[in-house]
Amino acid sequence: MTSPRKERQGEIWAIGGGKGGTGKTFITSCMGTYLAQKENRVVLIDVDIGGANLHSFFGIHKPGKSLTNFFENGSPLQELTVKTGIDNMQLISGDVYSLASDNIKFTQKLKLFRHITKLNAQYVLIDLGAGSHNNTLDTFLMADKMIAILVPEMIAVENMYHFIKNALFRKVKMSLRSYGFREIVEHVWERRKRYGIRNLKELIEWLGNSFSYIGDILDQELSSFKIYLILNKVRSPDDIVIGSSMKSALLKFLGIDIDFVGYIEYDDSVWRSIRNQQPFMLHYSSSRCTEEIEDFTENLIQGKEISLLRA
Amino acid sequence: MSREEYDEYFKILEISPDASLFEIKNAYLRLKKLYSTESPVIAPIAEEFPKKRRKEILKEIEEAYSKIIALLGNEHESLYREEPSAPGKISEEEKAESISFSGPVLRQIREKLGIQLHEVCLDTKIRVEHLENIENEKYEALPPEPYLKVHIKAYANLLLLNPTKVAEDYLKRYREWKEGQPDE
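Protein chains in written order, with this note's numbering: chain A, 806 to 1116; chain B, 3 to 186.
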């Protein structure tokens, strides 16, 4: 199933979504465990600047090495991995010792991305922080699979729109910039009233219709803009419908087609395992949540959506 | 209807053109609900995505659904009348019968739509075992006629058939069998 390219260079999954506390880190740790159990070499990276805690999900208190070593001493990324206690899976901890990490330079960021793509792993899972900061968006956009975690609450929905809109806006901006169009997106957006543009979808349509070569570039670049949605802490069938509703609203509102890959039901055992710092997938291997996590991770591997009958 | 128009209707319902009737109906109901009621998914973007636009979308959804159903309805007819060597190999005898809705015909339609019995059960709340008996025309195991009629209608509705016509056909055969039974 893996192409020769994938043997050499792992598939990168970034896990984000805007709001904090939706379960990004928990889900990253679980998906990584499942992939590792299926005998894939997995590396997890915590880039939650200022809030790194992925190591705690494996009961690691002091990771010893972290991204700080990469940014401050220039250590190669591959050398910063630590054991997770789970076979085939290693972890690169976030910047836990440094306080001045919120202003990583653009060149440092590019260097980090270069190192991430060269990691010796079949799957690299990147756990992003909350919010829609440019560093977060760029890391999200560099991934092969952009995974967004949502809880079925209006505020989380609101944050997710914000996150996805910003990611798309940045994607459009950076794509055109790489083809030599400096600031055209910002220019048109600032004068959107004059052009009768009301939202991002109309901006993209306007750009494409006004300059056919820009239309071609955007068609090509945005075809890889694929977000995979996971719902967490679901308590009722109506909550699950929020997944397919999001898919529809984003298509009709932003013109982007996301994949709704699955959900996790609300379960106290998740809270318990996090409190006890036990890897959930190992301690609750026969729970319903574990099964749900396995299902959507499998959907992600295969690029499939959740069955419409269940959604 | 041109191929492009046809694909466009499926695009509006956000399903692939090979979706089963069951998926088509589900998508239609789901989208209709989403854009006609106050949803927590729409509220945060209500300003940028005004009611007027949502009304247009609703109109498109209605149109797409009715066009697809009309088209598939025609295909359905041809399925039983013009394709003697259709997959499933319906013999001439069975084909003559299949214009009336018997148990096996219902099963055949269900299988063509790609619907599992347990999915019918989820939607209609009729137990799988009852559904099997209906399809197999295991008359002796079926509930009394008034209940049976309700079940058949719910099942037919799910298969997007005319519930009254299906119930009439089915119960006609059922009554014929019943008359042949010794009085209790």
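From the three backbone atoms N, C-alpha and C, an ideal C-beta is built for every residue, glycine too.
About 4 Å separates the Cβ atoms of S937(A) and N971(A), confirming a contact at the 8 Å cut-off.
DSSP, read as helix, strand or coil, puts K824(A) in coil. At a Cβ-Cβ threshold of 8 Å, L115(B) and F24(B) count as neighbours. Just so you know, the alpha carbons of W818(A) and D1064(A) end up roughly 14 Å apart.
DSSP places N1037(A) inside the beta strand (DSSP E), whose first and last residues are 1032-1039. For L1056(A), the nearest CB of chain B lies under 8 Å from its own CB, placing it at the interface with that chain. Listed along chain A are V962, I1047, S1050, M1051, A1054, each with a C-beta nearer than 7 Å to that of V43(B). According to DSSP, residue pairing for V887(A) in a beta bridge involves L896(A).
T166(B) counts as exposed, since fewer than 16 other C-beta atoms from the protein chains shown sit within 10 angstroms of its C-beta.
Minimum Cα-Cα distance from L160(B) among the listed residues I59(B), K127(B), Q183(B), S104(B) corresponds to K127(B).
Per DSSP, the beta-bridge partners of A819(A) are I931(A), M951(A). Closest in alpha carbon position to W994(A), among Y984(A), R975(A), G864(A), is R975(A).
Annotation for F1101(A): the continuous alpha helix (DSSP H) segment containing it runs 1093-1107. Taking the C-beta atoms as reference points, T827(A) is found no nearer than 8 Å to L849(A). Beyond the five residues adjoining it in sequence on each side, L33(B) comes within less than 6 Å, by CB distance, of I63 in the same chain, given in chain order.
Taking one beta carbon from each stretch, the region 831-845 of chain A and the region 882-896 of chain A have 3 or more pairs nearer than 8 Å; the two touch. Residue range 1017-1027 is occupied by the alpha helix (DSSP H) that includes D1024(A), with no beta strand (DSSP E) assigned at that position. Against E16(B), the close residues of chain A are K1052, S1053, L1056, in the order they occur along the chain (beta-carbon pairs closer than 8 Å). Between P46(B) and chain A, the shortest Cβ-Cβ separation is below 8 Å. Per the C-alpha coordinates, the member of K829(A), K1052(A), Y1000(A), L946(A) positioned closest to S980(A) is L946(A). Boundaries around E121(B) are those of the alpha helix (DSSP H), 119-126, since no beta strand (DSSP E) includes it. CA-CA distance, R55(B) to I47(B), rounds to 12 Å. Residue range 1064-1070 is occupied by the beta strand (DSSP E) that includes Y1068(A). Note that the region 36-52 of chain B does not touch the region 125-139 of chain B; fewer than 3 beta-carbon pairs, one per stretch, sit closer than 8 Å.
A Cβ-Cβ distance of about 5 Å is found for the pair G815(A) and Y928(A), placing them in contact under the 8 Å criterion. Annotation for L1055(A): the continuous alpha helix (DSSP H) segment containing it runs 1042-1058. In this structure, N1104(A) sits away from I1098(A), with a CB-CB distance that is not shorter than 8 Å. In this structure, the beta-carbon distance from V852(A) to T944(A) falls below 8 Å. The C-beta distance from L955(A) to M1051(A) rounds to 7 Å, short enough to meet the 8 Å contact threshold. Around the beta carbon of D1024(A), fewer than 16 other beta carbons sit within 10 angstroms, so the residue counts as exposed.
Separation of R982(A) and I989(A) (C-alpha to C-alpha, rounded to the nearest whole angstrom) is 8 Å. No Cβ of chain B is located within less than 8 Å of the beta carbon of Y1068(A). With a 10 Å radius around the Cβ and a threshold of 16 neighbouring Cβ atoms, P19(B) comes out exposed. Nearest to A953(A) by C-alpha distance, out of S1017(A), D932(A), E1007(A), is D932(A). Judged by DSSP in its simplified three-state form, V1075(A) adopts helix. F1101(A) places its beta carbon less than 8 Å from that of V1066(A).
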